[in-house]
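Numbering (the UniProt record's numbering), first residue to last: 1 to 93.
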């Protein structure tokens, strides 16, 4: 699995290099903060793999303001936003 890992300090500098690093991948796994980071777009990853579905695990632990960059950056391409809550979450009515 290590050969499929792209660390943020090793992001490609060209779209061609990004394409080689992705090797045809259609799924990117990362944190919400990394997806919202401008370096992700600058590296070309989100042009090669458009962000149309985002799955957020343990979404109840994320501050509401942390969603703003995601919606701002990918609002035109985002079709599905799935929020998974941890089983211990208690909702107030």
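In this text, a Cβ means the ideal position worked out from N, Cα and C, and glycines have one as well.
- The beta carbon of residue 36 sits closer than 8 Å to the beta carbons of 66, 69, 70 and 73 from its chain, once the five residues preceding and following it are set aside; these are given in chain order.
- A residue is called buried when at least 16 other Cβ atoms come within 10 angstroms of its Cβ; residue 44 meets this threshold and is buried.
- For residue 81, the enclosing beta strand (DSSP E) has its first and last residue at 80-83.
- Going by DSSP, residue 55 is part of the beta strand (DSSP E) stretching over 53-56.
- By the neighbour-count definition (other C-beta atoms within 10 Å, threshold 16), residue 15 is an exposed residue.
- In the assembly as shown, residue 55 is an exposed residue. Its beta-carbon has fewer than 16 other beta-carbons within 10 Å.
- With respect to the 8 Å criterion, residue 21 and residue 12 are classified as neighbours on the basis of their beta carbons.
- Taking residue 57 as the centre and dropping the five residues before and after it, the same chain places the C-beta of 84 closer than 6 Å to its C-beta, in chain order.
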